[in-house]
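Since the structure comes first, as structure tokens, the remarks are kept for the end.
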Amino acid sequence: VGRRGWLVRLGLSGLFALIAGLGVSGRWQEWLLYTNRVDFGVDDLHFGRDIGFFVFELPLLTFVVGWLFSTLILTLVITSIWHYINGGIRFQTVGVRVRPQVKAHLSVLLGSVALVKVADYWLARFELTTSTRGVVDGASYTDVNAQLPAINLLILISLLAVVLLLVNIRRRGWVLPTLAVGLWLFVALVMGGIYPAVVQGLRVQPAESEMEAPYIERNILATRQAYGLDRITEVVIEDFDTTITAEDLRANSATVRNIRVLDPLIVQATFDRLQGEREFYRFNDVLDDGRYVVDGETTHVLLGIRELDLNKMRSWESEHVAFTHGYGVAVASVSRVKGSGDPDFIIGDLPVAIHESVEITLDRPQIYVGEGLGGYAVVGASRDEVDYTDQDQGTQAVRYADIGGEGGVQMRSMFRKAAFALRFGQIEPLISNFITDDSRLLYVRDVRDRVEMLAPFLHFDADPYPVLVDGRIVYIVDGYTTTDRYPYSQRADV
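Residues 32 to 525, numbered by the working numbering, are exactly what the sequence shown covers, in order.
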């Protein structure tokens, strides 16, 4: 390597650090879980550890140990190559000659690998509680009576390997390392692989219902706890009368007034016909439910948001500068229709009209985000944004009104314009005269995409729903914390 050896070492170290770091960068969620761990107050049914250990701590510990193992293996390979380049390892006709210092170095590295493998096996014991080997999720008969003893034996073998490798530092030859690795490979193959398969095939499968019965009971108990089914209170209703009288109707007038006569799956086309602005906007395929105060009573309504239809835009200016937002909402009671059979709209039209019986205001009908809304929009440009068109009054346009003060990315520099031009694969953000220093660019406009970027550790419902709050149209997205690491619990796709 010569006098420039330090450059080679520096380059290899940097490359090695980059490779090692890339594996860690995507594991922020495990870190957040670990640093915010709490106890469940319930112990698992085999090891007696709190469920919080399996949900919050085990994922990070498993990753760290696996990362250390991979890193040490890579270090061992690179170190061996480096020693070979520098003459510490020589292949000769009678064998391989290794300098004592190199032999000690490699023995320490191999011992470190074996020690990390001990930790890996130790954690693998707890991973059995979410095994999918049996008829139900969770540790099965084979896991508990074959796989777990095999793992415990592998822990002892790995510890023995650590001792042999450390002793080998002061001994000549490679007999002890060869013995350690050979013994470990043999036990891992026979006890870790073949033995559990034999137990499963010859002992469990011929009498599976009998052998797995205790573990199925554990699964049922843990599943009820995990999903909160153990907290359900059963109420038996007896001696009830199915006859409905006029007095019953009067006593439940609020319910009767909200009996649905409009089907949201059918009436959407009517919303489009009566309230749509066909040139630029559309309603969602399925209308949303809501409850608002009308005439002093809570009333069940159907609500449709007038969202942008980007497929109808024919130019960059139209799609990104002029038509930047949806506009307004159409609301109709589910229990009332007009004499013609059409919905009785209590909010609708362009400009937005609100019936006097409705205790709602809508000061900001513009909608800059939505369901399935893609692309980007430039707001605060040098030309007006279009709210809607009206045949009598011509095009109704508004200047960009500030959306919460910090909405969008301000386009005050050529660097930002160039970055967004590159990001979207369009030259217009860089060269358009409509974009000024006061303009802001809005992107990631789909509601679900926004909340998933904001809180990627939550599982969100597939159907965001709009509500009218404080004179604005906002979306609510239900988010849930989920885990697939509750011991013995049955998993379900959500």
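Note that the Cβ used here is the ideal one computed from N, Cα and C, for glycine as well.
If you're wondering where the values come from, they're calculated on a predicted model, not measured in any experiment.
Residue i classed as buried or exposed, judged by whether at least 16 other C-beta atoms fall within 10 angstroms
i    : result
I290 : exposed
D174 : buried
E241 : exposed
A253 : buried
D151 : buried
S463 : buried
Y312 : buried
L187 : exposed
L53  : exposed
T178 : Inspection of the sequence shows that residue 178 is occupied by Gln rather than by Thr. Q178 should be labelled buried.
R471 : buried
S138 : buried
M445 : exposed
I297 : exposed
V332 : buried
F271 : exposed
S388 : exposed
G72  : exposed
A238 : exposed
N250 : buried
P208 : buried
Backbone secondary structure at residue i - three-state DSSP
i    : result
G321 : strand
G165 : coil
L333 : strand
E328 : strand
G232 : helix
D494 : coil
T420 : strand
Q132 : helix
F122 : strand
G403 : coil
A408 : strand
A17  : Because the chain in this structure spans residues 32 to 525, residue 17 falls outside the shown range and cannot be described.
G142 : helix
V368 : strand
G52  : helix
G357 : strand
G510 : strand
Y519 : coil
P208 : helix
G456 : coil
V69  : coil
F94  : helix
L103 : helix
D151 : helix
A244 : helix
I462 : helix
P237 : helix
V525 : coil
Proximal residues to residue i (C-beta, below 6 Å), its chain only, five neighbours per side dropped
i    : result
L461 : K448, A449 and A452
E390 : V324
A155 : I182
V193 : G142, A145 and L146
A353 : V417
T273 : none
T467 : S413
A135 : I200
F94  : R58 and E61
Strand pairing of residue i, partner residues [DSSP]
i    : result
Q441 : R471
S346 : S346 pairs with nothing; no bridge assigned.
V221 : In DSSP, V221 forms no bridge with anything.
R395 : R503
L339 : Y312
V362 : L334 and I378
V478 : None; V478 has no bridge partner.
G45  : In the DSSP output, where bridge partners are listed per residue, G45 has none listed.
D373 : Answer by DSSP bridge pairing: none, since D373 is not bridged.
I385 : I378
L74  : Before going further, note that residue 74 is Asp rather than Leu in the sequence given. D81, per the DSSP bridge assignment.
Same chain only: Cβ atoms within 7 Å of residue i, ignoring 5 sequence neighbours per side
i    : result
T508 : It is worth fixing the name first, because residue 508 is Val in this sequence and not Thr. For V508, where only same-chain residues beyond five positions count, the Cβ hits under 7 Å are V478, R479, V482, F491, D492 and P495.
V292 : V365, S366 and V368
Q256 : V73
Y474 : Y407
W153 : I186
Other residues of its chain near residue i: CB distance less than 8 Å, five sequence neighbours each side excluded
i    : result
Q306 : F314, G335, R337, A361, F376, G379 and D380
R476 : Y399, V400, G401, L404, G405, G406, Y407 and A408
R516 : F85, V86, L89, P90 and T161
E459 : W347, H351 and A452
L318 : P295, V298, Q299, F302, L333, L334 and G335
Subject >> Ranges of the alpha helix (DSSP H) found wholly within the stretch 246 to 323, counting only runs of at least 4 >> reply: 277 to 282, 284 to 288 and 295 to 306
Original post:
Mind pulling the alpha helix (DSSP H) runs of 4 or more residues that sit fully within the stretch 174 to 205?
Top reply: 179 to 198
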